[in-house]
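So for the sequence shown, UniProt numbering puts the first residue at 1; every next one is plus one. Think of the CB as a built atom: it goes at the ideal place given N, C-alpha and C, for glycine as much as any other residue.
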Amino acid sequence: MTVLHGAACAGFCFGPIAAIYKATNLSDQTGTKKLLALATAFYFVNLFGKSLIVATLLPSTCESSFLCSAIIDLVTVVMELTSIKYILNSKKALAYSSETRLLCIGLGWALGQVLCSNGHLLLRAIGGNSFHWEGVYQAMQSSLSPISYLSITALMFLSTRRHLPMTSRAGLVFLASLLAPWTLVQRHGLGLYNPPQRFLAEDITPACWLSLVLHAAVSISVGITTYLTLRAGHGKSRPTSTAQKTD
1 MTVLHGAACA GFCFGPIAAI YKATNLSDQT GTKKLLALAT AFYFVNLFGK
51 SLIVATLLPS TCESSFLCSA IIDLVTVVME LTSIKYILNS KKALAYSSET
101 RLLCIGLGWA LGQVLCSNGH LLLRAIGGNS FHWEGVYQAM QSSLSPISYL
151 SITALMFLST RRHLPMTSRA GLVFLASLLA PWTLVQRHGL GLYNPPQRFL
201 AEDITPACWL SLVLHAAVSI SVGITTYLTL RAGHGKSRPT STAQKTD
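Dropping the structure here:
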């Protein structure tokens with residue numbers, strides 16, 4: 001049962017990322033693994049920097065109060081959006097096409113989040129001797145991360161397009177800032193802010209599965225909306241470039 005538990009957790013955690021990576025033909029392009037690894041490494045650097053900032057801003061006696069939680073979430077959202085935009089405009093990322101940049105950075109960021117929030121599940125599966133539905137549930141929650149982070153990366157990518165009006169670019173950043181807290185909701189559900197032992201000891205109720213379905217519905221809806229927005233943004237840029245060529 002330990003092998004089955006580990007395989008189920010690993011499949012739900014990394015399966016969607018691997019499927020998107022293969023389906024979009026990123027695996028056939030040269031250097032995409034380096035860009036994906038760069039985004040993943042930058043996630044860990046961002047996480048470390050956030051910890052330093054939170055430790056500096058908040059006193060050591062501050063526990064799970066509403067104000068402390070709000071500050072942590074605000075710092076997390078601001079740093080994630082800033083970091084993703086920085087990677088999109090970095091010299092290494094600019095060497096790739098816009099679509100490759102968007103996909104690799106979004107998937108790499110999601111991979112970092114999955115490793116941080118579910119690494120203890122895989123270790124627990126290796127060291128355990130029984131099947132735990134709690135671990136599978138968290139892994140299923142984590143499988144929604146690629147959709148969320150690809151959407152955030154796409155919105156931040158569109159916000160860097162100079163052909164768009166300033167109001168549209170600001171609106172895209174605002175939408176990304178609204179979408180980023182959704183990843184925090186997923187992390188709260190994943191038990192990232194709770195000791196793993198306490199979360200994994202709880203029984204999964206039908207309300208938990210209903211919450212999982214709700215998370216999936218919202219994430220898929222956001223992904224479709226972002227895809228349509230991305231297509232519309234590219235559509236607006238084509239007439240402009242065509243007009244410049246004719247001139």
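{"Item": "Among L150, Y149 and A170, the one whose alpha carbon lies nearest that of S159", "Value": "A170"}
{"Item": "CA-to-CA distance, G15 to G6, given in whole angstroms", "Value": "13 Å"}
{"Item": "Of the residues C13, K85, G119 and T100, the one placed nearest T30, counting alpha carbons only", "Value": "T100"}
{"Item": "Where the alpha helix (DSSP H) through P59 begins and ends", "Value": "That residue, P59, is in no alpha helix (DSSP H); it is neither H nor E in DSSP."}
{"Item": "Backbone secondary structure at G171 - three-state DSSP", "Value": "helix"}
{"Item": "Cα-Cα separation, I224 to I152", "Value": "12 Å"}
{"Item": "Classification of H215 by the beta-carbon crowding that lies within 10 angstroms, buried from 16 upward", "Value": "buried"}
{"Item": "4-residue-minimum alpha helix (DSSP H) runs that sit fully inside the segment 12-88, ordered along the chain", "Value": "32-57 and 66-88"}
{"Item": "Cβ shell of S142 (< 8 Å), same chain only, five flanking positions each side left out", "Value": "F12, C13, Q113, V114, S117, N118, Q186 and L190"}
{"Item": "Cβ neighbours of R198 in the same chain (closer than 6 Å, five flanking residues each side left out)", "Value": "Its pLDDT being 39, under 50, R198 is placed unreliably in this model, and the value from its coordinates should be taken loosely. Contacts found: none."}
{"Item": "7 Å Cβ shell around T32 - same chain, five flanking residues per side excluded", "Value": "L26, T100 and C104"}
{"Item": "Inter-residue CB distance, W209 and Y149 (contact presumed, cutoff 8 Å)", "Value": "Between Y149 and W209 the Cβ distance is about 23 Å, and since that is not below 8 Å, they are no contact."}
{"Item": "For S97, the three-state DSSP class (helix, strand or coil)", "Value": "coil"}
{"Item": "Coil, strand or helix - A201 by DSSP", "Value": "Low confidence applies here, because A201 scores a pLDDT of 39, under 50, leaving its location unreliable; read the following figure in that light. A201 falls in the coil class under three-state DSSP."}
{"Item": "Three-state secondary structure (DSSP) of L144", "Value": "coil"}
{"Item": "Euclidean distance between Cα positions of L38 and G106", "Value": "11 Å"}
{"Item": "S159, DSSP secondary structure in three states", "Value": "coil"}
{"Item": "Own chain partners of V75 with C-beta closer than 8 Å, once the 5 adjacent residues on each side are dropped", "Value": "K50, I53, V54 and L57"}
{"Item": "Reduced DSSP category for P165 - H, G, I as helix; E, B as strand; rest coil", "Value": "coil"}
{"Item": "Top-ranked residue by Cα proximity to M156, from S98, M166, H163 and K85", "Value": "K85"}
{"Item": "I72 versus M79 - alpha carbon distance", "Value": "11 Å"}
{"Item": "Whether L212 touches Y96 by CB criterion (9 Å)", "Value": "no"}
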